[in-house]
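**Q** Read top to bottom, the protein sequences are chains A and B.
Residues in the first sequence are numbered from 1 upward in steps of one, following this note's numbering.
Residues in the second sequence are numbered from 1 upward in steps of one, following this note's numbering.
Just so you know, even glycine gets a beta-carbon here, dropped at the ideal spot from N, CA and C.
Remember, predicted model here, so these are calculated numbers, not experimental data.
Before anything else, here's the structure in question.
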Amino acid sequence: MIRQLVTRDSVAVTGSIIGLASLPLGWLTLKSSRLAAGTSLSLWQVVGWDGTMVMLGLWLIALTLSLTKKTKWQAISLGISANVILIITLALAGFESSRMLEAEETFARVSPSAGIWVTLIASYILVFAARQGLQEAPAWRHLVSWTGLAAIGIMLAIGWLDSLSLVQEFSGREARFQQELVRHISLFAGSVTVGTLIGVPLGIWAVRSRRAEKPIFYLANITQTIPSLALFGLVIAPLSALSFAFPFLREIGIRGVGPAPAFIALVIYSLLPIVRNTFVGLRQLDPAVIDAGLGMGMSRAQVFRRIEAPLAAPLVLEGVRTASVQSVGLTTVAALIGAGGLGWFVFQGLGQAATDLILLGAIPIIGLALVVDTVMRTLVRLSTPKGLGGGEP
Amino acid sequence: MIRLEHVTKIYGDTLAVDDLSLEVNEGEVCVLIGPSGCGKTSTLRMVNRLIEPTSGRILVNGKDIRQVRPERLRQSIGYAIQSVGLFPHLTVGANIATVPELLHWEKSRIARRVEELLELVGLDPKEYAQKYPSQLSGGEAQRIGVARALAADPPILLMDEPFGAVDPLTRERLQAQFSSIQQELKKTVILVTHDLDEAIRLADRIAVMSAGKLVQYDTPEAILSRPASKFVHDFVGADRALKRLSRISIQGFVHPSPSIGVNATLSEAMAALQSHRSAWVVDHQGQLLGWVDQTTLSAAASVREAIVAQDVTEISLSSSATLREALSRMLGQGFKSIPVVDENRRLIGEVTLSDVEAATAEAEA
Ligand SMILES: Nc1ncnc2c1ncn2[C@@H]1O[C@H](COP(=O)(O)OP(=O)(O)OP(=O)(O)O)[C@@H](O)[C@H]1O
Ligand SMILES: [Mg+2]
């Protein structure tokens, strides 16, 4: 019977155990200045024993729920407790950090340490587990997924978290942050758009022509094996040569370093998933279906538009999704060759050993990747024709 | 209507179709048959220009098809391919509507046509029009494939093993359905199969192919009784006499049979059995109930009690049956004669074993 109970939901159980394990970790770090080494304070040093008991109690509730039989209400309760944990943790962090700063000097900083980060991760593992149980109840699924994030947004907006050093790093650099965020988005979105415009025709060409197939995939595969920084480097040399040869290029912003080479490298990277998926999407089509189309009197173009395109679309978009998520990450590296983007914060932070600055870049990058992934998955789902079992039982 | 003149098709170094000449008249069903790889599909696909002949020419309605734009040509020729090839992302209705849409028919006309065709192939339009191909059984999919080929009412149909992928029972049903549709629509049809029974059943003329060549082109009867070569002889097989019977309708062989009303008295019944060993029993509407013989009658108190009642549908035939079916029933039931009934199960007459023997002898001659 115990065994029956225990194997209920391994994801949720893992999340709860990670959550419990976060309790003894350091919670907040107090530093005398931005770059100074800090002292780590544990949960009970920050919120006292009663606060600690509340957190412990919440995690035990989550663990119990993880071990109970999976039902809709179990999933909802699990999701709600995860969100409660998340909100309480951040609320406490915000409140306690400003309390601590009041007693300190102007340059002092308080930043979240491992305990808080682990708690956030653990609660999102629970959210994920709860989502699985709520496939049939979209309203609850959305509530469970987004409440925590909404609460974070509200706390940020009303300044509740202002005393956390991460937020302080942000407020000092708001304009810069906005600029780099926009830069990041335009670099990845632009490169994937261009990659799609080149990759889809290349994929179609590879399907249509035996002769083209080999070289196209040879090149596309090679690009993926080059480490990203090396590819950025490889693009720099010819581009600087070009810009020296043709000064007008420099005037419109194309130089050996900067956004131009990064953009080119990102386009090259996005090609393989798009070309490959376009190729597979078209190649996997039942030849009989195309034969039927032609036999029925459709022109080649009509066969493409009415049959091949709709049937291959989900796979092509799946390739664009892979390329997009990959590109969000790779754009980070682009900062190294002066292209800017959120990677700028990461590498600045690394250079200064300023963890908060690193996080100021890294967290939005992760968020961006998740958003892009979700949006693209939705597009893939919407583009899947009904008859192909997309959504059909 | 369709005329192939010295048509040859060579792929690389494979000679797929070798100097083939063939003419199919309007309203006729020509069945292409032969071993796998003998060039049947290649021949068919040259007629709608899905592939081009290496040499020779093809005329449709007296016009060289090279002078017609392939799309135009194909829209006027229904094509049902071997693997059905329904568009998986479109509903059954949209699949059937393909050619009418290419021809820019009006929406309401297309909708009416889809409904009509679904009914024609025996599927309920309300239930099936909105289904997707993945929700169909193999037999249903093949019927939709045929309906799609018929959609714009093309005068010519090319069918590549249209009933290939279904169980024998369903195939027989689809064949019967095809025959009755064809009787009504009178299309010019080229149908590919490698099932000889199917060819015999459906064809006005059979074209037997071997290694790209046309080895015999004649009516099923002639092919069965006078194979032109050892190849055709072996191909039609040793049981061709039996196969020939399936081309002959029982209609010419039905004669009146002794029958007794179920309410007749025992002595009336005995009198009727003077000249026969057994007699069919019918009710007051003439519907077949079973049969009686002298032994059962002498042991019973009334005619009704004496009836050897079997499943009537198993012992009787409809008048559209063939001699082969009659023979098969006789052997199955151990009868020397088989009753023939109309659609209301009323007794029309009977067919006897000696009729079958006579028909065999006649065809042999
Ligand atoms: N596209 C092609 N390229 C090369 N050879 C081909 C091609 N299509 C058919 N063939 C060859 O031509 C010959 C005739 O093929 P075809 O498809 O017409 O035969 P079939 O009579 O329809 O056979 P089956 O009964 O198996 O369908 C075969 O030897 C086949 O391998
Ligand atoms: Mg074939």
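Quick one: give me the first and last residue of the alpha helix (DSSP H) that B/Thr41 is part of.
**A** Element bounds for B/Thr41: Lys40 to Val47.
**Q** Of all Cβ atoms in chain B, is any one closer than 7 angstroms to the Cβ of A/Gly391?
**A** With a pLDDT of 42 at A/Gly391, under the threshold of 50, the modelled position of this residue cannot be trusted, and the question is left open.
**Q** Measuring from the CB of B/Thr366, is there a heavy atom of ligand 1 at a distance below 6 angstroms?
**A** With chain B represented from 1 up to 365, any question about residue 366 of chain B goes unanswered, as that position is not in the structure.
**Q** What's the gap between the Cα of A/Arg432 and the Cα of A/Pro138?
**A** Only positions 1 to 393 of chain A appear in the structure, and residue 432 of chain A is not among them; the question remains open.
**Q** Please confirm whether any heavy atom of ligand 4 lies closer than 6 angstroms to the CB of B/Thr193.
**A** Although ligand 4 was asked about, the structure shown includes only ligand 1 and ligand 2 as ligands.
**Q** Out of A/Arg276, A/Ile254, A/Val167 and A/Pro227, which has the shortest C-alpha to C-alpha gap to A/Ala220?
**A** Among A/Arg276, A/Ile254, A/Val167 and A/Pro227, the Cα nearest to that of A/Ala220 belongs to A/Arg276.
**Q** Below 7 angstroms between beta carbons is the criterion; list the residues of the region 298 to 312 of chain A that meet it against any residue of chain B, in chain order.
**A** Hits within the stretch, in order: Met298, Ser299, Ile307, Pro310 and Leu311.
**Q** Pick out whichever of A/Glu136, A/Ile87, A/Gly258 and A/Leu25 has its Cα sitting closest to the Cα of A/Ile76.
**A** Answer by Cα proximity: A/Glu136.
**Q** Give the secondary structure of B/Asp19 by DSSP, where H, G and I count as helix, E and B as strand, and everything else as coil.
**A** Looking at B/Asp19 - three-state DSSP - the assignment turns out to be strand.
**Q** Among the candidates B/Phe163, B/Lys186 and B/Asp167, whose CA atom is the shortest distance from the CA of B/Gln175?
**A** Closest option to B/Gln175, Cα to Cα, is B/Phe163.
**Q** In angstroms, rounded to a whole number, what distance separates the CA positions of A/Ser383 and A/Glu308?
**A** In a straight line, the C-alpha of A/Ser383 is about 13 angstroms away from that of A/Glu308.
**Q** Taking only beta carbons into account, state which residues of the region 371 to 389 of chain A come closer than 7 angstroms to chain B, listed in chain order.
**A** Listed by position along the chain: Pro385, Lys386, Gly387, Leu388 and Gly389.
**Q** When you check each C-beta in the region 89 to 100 of chain B against every C-beta of chain A, which residues fall closer than 8 angstroms?
**A** Those would be His89, Leu90, Thr91, Thr98 and Val99, in chain order.
**Q** DSSP three-state label for B/Met1, please.
**A** Looking at B/Met1 - three-state DSSP - the assignment turns out to be coil, as it is neither helix nor strand.
**Q** Measuring CB atoms only, is the region 212 to 228 of chain B touching the region 311 to 327 of chain B, in the sense that at least three cross pairs come out at less than 8 angstroms?
**A** At 8 angstroms Cβ cutoff, the stretches do not touch.
**Q** Go ahead and label A/Asn83 buried or exposed: buried means 16 or more other beta carbons lie within 10 angstroms of its beta carbon, across all protein chains shown.
**A** With 16 or more other Cβ atoms within 10 Å, it is buried.
**Q** Taking the Cβ atom as the reference point for each residue, do A/Gly148 and A/Leu63 lie within a distance shorter than 7 angstroms?
**A** Against a cut-off of 7 angstroms, the Cβ pair of A/Leu63 and A/Gly148 comes out as no contact.
**Q** Could you check how far apart the C-beta atoms of A/Thr278 and A/Val200 are, in whole angstroms? I think they sit under 8 angstroms.
**A** Indeed they touch by this definition, with Cβ atoms about 5 angstroms apart.
**Q** What separation, rounded to the nearest whole angstrom, lies between the Cα atoms of B/Leu50 and B/Ile190?
**A** For B/Leu50 and B/Ile190, the distance between alpha carbons rounds to 15 angstroms.
**Q** Considering only DSSP beta bridges, list what A/Tyr269 is partnered with.
**A** In DSSP, A/Tyr269 forms no bridge with anything.
**Q** Anything in chain A within Cβ reach of B/Gly139, meaning under 8 angstroms, just list it in chain order.
**A** None at all; the shortest Cβ gap to chain A is about 17 angstroms.
**Q** With 16 as the cutoff for other CB atoms within 10 Å, does A/Arg3 come out buried or exposed?
**A** At A/Arg3, the pLDDT of 49 sits below 50, so the modelled position is not reliable; the number obtained from the coordinates is stated separately. Exposed, by the Cβ-count rule.
**Q** Who are the near neighbours of A/Ala301 in its chain, counting only those whose CB is closer than 6 angstroms to its CB and skipping five residues on each side?
**A** No residues qualify anywhere along the chain.
**Q** What is the rounded straight-line gap between the Cα of B/His252 and the Cα of B/Leu331?
**A** It should be noted that the sequence gives Gly, not His, for residue 252 of chain B. C-alpha separation (whole angstroms): 21 angstroms.
**Q** Work out the CA separation of A/Val54 and A/Leu5 for me, nearest whole Å.
**A** Bear in mind that a pLDDT of 47 at A/Leu5, under 50, signals an unreliable position, so the number given afterwards is only what the model happens to contain. Spanning the two alpha carbons is a distance of roughly 25 angstroms.
**Q** Within its chain, find whatever has a CB closer than 6 angstroms to the CB of A/Pro314; leave out the 5 residues flanking it on each side and keep chain order.
**A** Result list for A/Pro314: Val380, Ser383 and Thr384, in chain order.
**Q** Is A/Lys70 near ligand 2 - that is, is its Cβ less than 6 angstroms away from at least one heavy atom of it?
**A** A/Lys70: no, Cβ never under 6 angstroms from ligand 2.
**Q** Under 6 angstroms from any heavy atom of ligand 2, does the C-beta of B/Thr14 make it?
**A** Every heavy atom of ligand 2 is 6 angstroms or more from the Cβ of B/Thr14, so no.
**Q** Excluding the 5 residues preceding and the 5 following A/Leu134 in the sequence, name in chain order all residues of the same chain whose CB lies nearer than 6 angstroms to its CB.
**A** Ala75, Trp140 and Arg141.
**Q** How about B/Val282 and B/Leu347: are their beta carbons less than 7 angstroms apart?
**A** A contact, by the Cβ cut-off of 7 angstroms.
**Q** Tell me whether the region 164 to 183 of chain B and the region 94 to 109 of chain B touch, counting them as touching only if at least three CB pairs, one residue from each stretch, are closer than 8 angstroms.
**A** Result no; under three Cβ-Cβ pairs closer than 8 angstroms.
**Q** Specify the secondary structure class of A/Ile254 as computed by DSSP and reduced to three states.
**A** It is coil, neither helix nor strand.
**Q** Please list, in chain order, the chain B residues whose beta carbon lies closer than 7 angstroms to that of A/Gly295.
**A** Simply Asn48, Leu50, Arg74, Tyr79 and Ile81.
**Q** Is A/Val328 near A/Leu229, with beta carbons less than 7 angstroms apart?
**A** No. Outside cutoff.
**Q** Hey, would you say the C-beta of B/Thr41 is under 6 angstroms away from at least one heavy atom of ligand 2?
**A** True, at least one ligand heavy atom lies under 6 angstroms from that Cβ.
**Q** Helix or strand or just coil, what does DSSP make of B/Thr8?
**A** B/Thr8: strand per DSSP, three-state reduction.
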